[in-house]
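Just below is one structure, and these are the notes that go with it.
Numbering (the numbering used here), first residue to last: 191 to 920.
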């Protein structure tokens, strides 16, 4: 038996890691677009979906917000995709697993071509109006060597600047005051904080609460929380910060996260007052957990934002909409050996608040002391020029970097993709729905149609009910697996952004029958509150899962879908939906039913009637079985030109045998005798064979033990298993 679960299996080649990195990037984009609580945009806003287009995929699917494209493409491919989908080519570079340091580049040489297409067309954004107001709130302490250049840069980019100085004892406040006087009222404001004078310790939370207040009272369209040793940039090199914020507001977002790039001096050549961007070229991507939440720009609302409690890392607001691509924070905390010794050893370490350190804050410099070197080795650093191309994924998302705290997005998770879920959220949904399907030599086009429907239904469910996640389990009973390894990867990629946490595939390479294979899958259902048993020759309607769950919420133990184009003839109560039994082609079975009755009777039923038997045992145990007409599934029953179902010889044999076994199990010896007599006389050659097999089992003592002698649940109508609403044979 071959069993594969989770995301694409870890391979021995570097391509596997690069593929896994691209898949994790798509998961990240889906997580961010879903919002902080797993929800999608509010009423009236378009739903947002992410697609991963792997090296073997021909086209970008329609109806997506973002498409991550991996692998080289022929000339003209992107032009054709943009014309067909309306998406815009936003970024292009490489998906290269690793943090980009030189010693890792040889191991991860090459990578995969990676491009991002999306609906965010910058060419369609109108010019930023003159009145669009962006305020940079800059916190400072002893930054005289760089603060003048920072203020000039921000004001030159069209931002207002409010400096909150924590009582620097160098020339920082004088430099800022000089800029304020020169630039005129309103462009630059200097404030000393706390207002009563210097405090014995650096109290970050108190300072951040002041930043919250300034932002709320500013009247600005956007606020950027800015440290003095930072340069904040959009992900597009040709767009200003102000123009970028105006564009993303128009696209429906109100918050920006950042990727931290720490620049490291490799010598003592920096001259105070020199341009930071031109002075440093070696860097490393942030790798502590705090670096992966840097929501430092936001649109103020009616109430102050809450960020102080998170150390300024996250805007705690359930309705915020974070732009999916991270902006850059170019961070220059140390500029030379002498500066590092003065700043870290002489100023910062002695000023940190003991109370805040007890909360786990201000610990990032604890490893430094007398004799520490503050200069880096270029061999252990990243060339900033590599960020735009080789480290495209890491730059835009932080995915694949050491220290990333988000499930499925860390360097370790990318390195071991076999255990990485297909789609992961920061806050895992509290409720799980499982879909189980048995494959047997299933044609590719049939499987593709099935997967298309399941992806759509999963997306609709997890969008409408963000407390839910979906997992899919496939049992393959074919002599040879239906899905090869590369096809498995494509299947899993297809579920990116659908709210599906895992796709499991078990290739048994023996025919266990429908009930036998489903029973194997039931063993892995874990905490799922229900299992949708679904045939591979079906296509789920978009709201199938929502409607089935609504039926379960109404108190049923098993909920059956309505099958189109050929409905089942059995009757159901039009008011309550109560019915005799539920078809195993598409039904939702509650965990309570499975826990109570134990699933399918695999000893008696190989194919057919296992669903009737499960339904009847559930009813005997006190559970309701209902038909829900609003839960629609399209079921390919191979109809003839006259609309009649065409069954194969194999199907007719097992269906006939199963009906005889059902008569025997549910204490109807009269129906069993009539059935055997009718089968013996049948012109269909499979029926006498089925009758002979029933007698063989009876003589060998292999028939199921009779139950329900009073006919409590066995709703036979002559030979049929339930009263009929209509008869197609007429």
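Note that the Cβ used here is the ideal one computed from N, Cα and C, for glycine as well. It should be emphasised that the depicted structure is a prediction, and the values quoted were computed from it without experimental measurement.
### Host beta strand (DSSP E) of residue 911 (start-end)
As a first step, residue 911 must be located in the chain shown, where it is residue number 721. Note, residue 911: premise wrong, no beta strand (DSSP E); not H, not E.
### Message
Taking its Cβ as the centre, do 16 or more other Cβ atoms sit within 10 Å of residue 899, making it buried, or is it exposed?
### Response
Reading the chain shown from its first residue, position 709 is the one you call residue 899. Under this definition residue 899 is an exposed residue.
### Message
Distance check for residue 538 and residue 921, CA to CA, integer angstroms please.
### Response
Residue 921 falls outside the range modelled here, since the chain spans only 191 to 920, and no answer is possible.
### Query
Between the region 620 to 637 and the region 246 to 256, are three or more C-beta pairs nearer than 8 Å?
no
### Message
Using the three-state DSSP reduction, which class does residue 699 fall into: helix, strand or coil?
### Response
Within the chain shown, residue 699 is the residue found at index 509, counting from 1. In the structure shown, residue 699 sits in coil (DSSP, three-state: anything other than H, G, I, E or B).
### Message
Could you give the first and the last residue of the continuous alpha helix (DSSP H) run that contains residue 844?
### Response
For the purposes of this step, residue 844 is taken as residue 654 along the chain shown, with counting starting at 1. Start and end: 839 to 855.
### Query
So residue 366 is in the alpha helix (DSSP H); what residue range does that whole segment cover?
As a working note, residue 366 is residue 176 in the chain shown. Residues 362 to 373.
### Query
Can you give the Cα-Cα distance for residue 566 and residue 552, rounded to whole angstroms?
Here residue 566 is taken as the residue at index 376 of the chain shown, counted from 1. Here residue 552 is taken as the residue at index 362 of the chain shown, counted from 1. Cα-Cα distance, rounded: 22 Å.
#### Entry: In chain order, each alpha helix (DSSP H) run of at least 4 residues that lies wholly inside the region 273 to 335
292 to 295
### Query
Distance, Cα to Cα, residue 754 vs residue 823?
As a working mapping, residue 754 is identified with position 564 in the chain shown. As a working mapping, residue 823 is identified with position 633 in the chain shown. Answer to the nearest angstrom: the Cα atoms are 6 Å apart.
#### Entry: Beta-carbon proximity of residue 795 to residue 705, cut-off 8 Å
Residue numbering aside, residue 795 sits at position 605 when the chain shown is read from its first letter. Residue numbering aside, residue 705 sits at position 515 when the chain shown is read from its first letter. Closer than 8 Å, so yes.
### Message
Pull the bridge partners of residue 421 from the DSSP assignment, please.
### Response
By one-based count along the chain shown, residue 421 stands at place 231. Paired residues: 520.
### Message
When you compare the CB positions of residue 445 and residue 350, do they come within less than 8 Å of one another, or not?
### Response
Counted from its first residue, the chain shown places residue 445 at position 255. Counted from its first residue, the chain shown places residue 350 at position 160. Not a contact, by the Cβ cut-off of 8 Å.
### Message
Closest to residue 387 by C-alpha separation, out of 358, 801, 495, 778, would be which residue?
### Response
Along the chain shown, one-based indexing puts residue 387 at 197. The option with the nearest alpha carbon to residue 387 is 358.
### Message
Taking contact to mean 3 or more Cβ pairs, one atom from each stretch, closer than 8 Å, check whether the region 366 to 374 and the region 325 to 344 are in contact.
### Response
yes
### Task
Measure the CB-CB distance between residue 440 and residue 315 and report whether it falls below 8 Å.
Within the chain shown, residue 440 is the residue found at index 250, counting from 1. Within the chain shown, residue 315 is the residue found at index 125, counting from 1. Their beta carbons are under 8 Å apart, which means residue 440 touches residue 315 by this criterion.
### Message
Spatial neighbours of residue 906 within its chain, please: C-beta separation below 7 Å, excluding the five flanking residues on both sides.
### Response
Locating residue 906 in the chain shown gives position 716, where the first residue counts as 1. Closer than 7 Å at Cβ, skipping near neighbours: 858, 861.
### Strand pairing of residue 474, partner residues [DSSP]
Along the chain shown, read from residue 1 onward, the residue named residue 474 stands at position 284. Residue 474 is bridged to 452.
### Message
With three or more C-beta pairs closer than 8 Å as the rule, is the region 487 to 495 touching the region 408 to 423?
### Response
yes
### Query
Within the chosen definition, does the region 748 to 763 reach the region 806 to 824 through at least 3 CB pairs nearer than 8 Å?
yes
#### Entry: Local Cβ density within 10 Å of residue 576, reported as buried at 16 or more and exposed below that
Locating residue 576 in the chain shown gives position 386, counting from the first residue. Buried is the call here.
### Query
Where residue 748 and residue 245 are concerned, what is the direct C-alpha to C-alpha distance, given to the nearest angstrom?
Translated into positions along the chain shown, residue 748 becomes position 558. Translated into positions along the chain shown, residue 245 becomes position 55. Computed Cα separation, rounded: 41 Å.
### Query
What's the call for residue 598, buried or exposed, on a 16-neighbour Cβ count within 10 Å?
Here residue 598 is taken as the residue at index 408 of the chain shown, counted from 1. Flag for residue 598 reads buried.
### Message
Using a 10 Å radius around the Cβ and a threshold of 16 neighbouring Cβ atoms, would you call residue 545 buried or exposed?
### Response
To locate residue 545, count along the chain shown from 1; it is residue 355. Its Cβ having fewer than 16 others within 10 Å, residue 545 is exposed.
### Query
Which of the three DSSP states, helix, strand or coil, is assigned to residue 760?
For this step, residue 760 is matched to residue 570 along the chain shown. Three-state DSSP puts residue 760 in a strand.
### Task
Say whether the region 772 to 790 touches the region 721 to 728, bearing in mind that this needs 3 or more beta-carbon pairs closer than 8 Å, one atom from each stretch.
yes
### Query
For the beta strand (DSSP E) that residue 666 lies in, which residues bound it at each end?
Position 476 of the chain shown holds residue 666. 658 to 666 is the span of the beta strand (DSSP E), which, as asked, contains residue 666.
### Task
Compare the C-beta of residue 721 against all C-beta atoms of chain E and say whether one is closer than 8 Å.
No chain E is present in this structure, which holds just one protein chain.
### Query
Which same chain residues, not among the five before or five after residue 591, have their C-beta less than 7 Å away from its C-beta?
Counting from one through the chain shown, the residue named residue 591 turns up at place 401. Within the same chain, residue 591 has close Cβ partners 289, 475, 477, 584, 601.
### Message
According to DSSP, is residue 769 part of a helix, a strand, or is it coil?
### Response
Taking the chain shown and counting its residues from 1, one reaches residue 769 at position 579. Three-state result, residue 769: strand.
### Query
Looking only at DSSP bridge pairs, what is residue 753 linked to?
Sequence index remark: in the chain shown, residue 753 carries index 563 (1-based). DSSP lists 823 as partners of residue 753.
### Message
Applying the 10 Å Cβ sphere with the 16-neighbour rule, what's the burial state of residue 427?
### Response
In the chain shown, counting from the first residue as 1, residue 427 sits at position 237. Label assigned to residue 427: exposed.
### Task
Quick one: residues in its chain with C-beta nearer than 7 Å to the C-beta of residue 423, no 5 flanking neighbours on either side, listed in chain order?
Sequence index remark: in the chain shown, residue 423 carries index 233 (1-based). Around residue 423: 431, 517, 518, 520.
### Message
Would residue 536 and residue 503 qualify as a contact pair, given that the criterion is a beta-carbon distance under 8 Å?
### Response
Sequence index remark: in the chain shown, residue 536 carries index 346 (1-based). Sequence index remark: in the chain shown, residue 503 carries index 313 (1-based). No, the pair does not count as a contact, with Cβ atoms beyond the cut-off.
### Message
For a test of the three-state rule: what should DSSP assign to residue 381, helix, strand or coil?
### Response
The sequence position of residue 381 within the chain shown is 191, counting from 1. It is a strand residue.
### Query
Which runs of the alpha helix (DSSP H), 4 residues or longer, sit entirely within the region 704 to 738?
none
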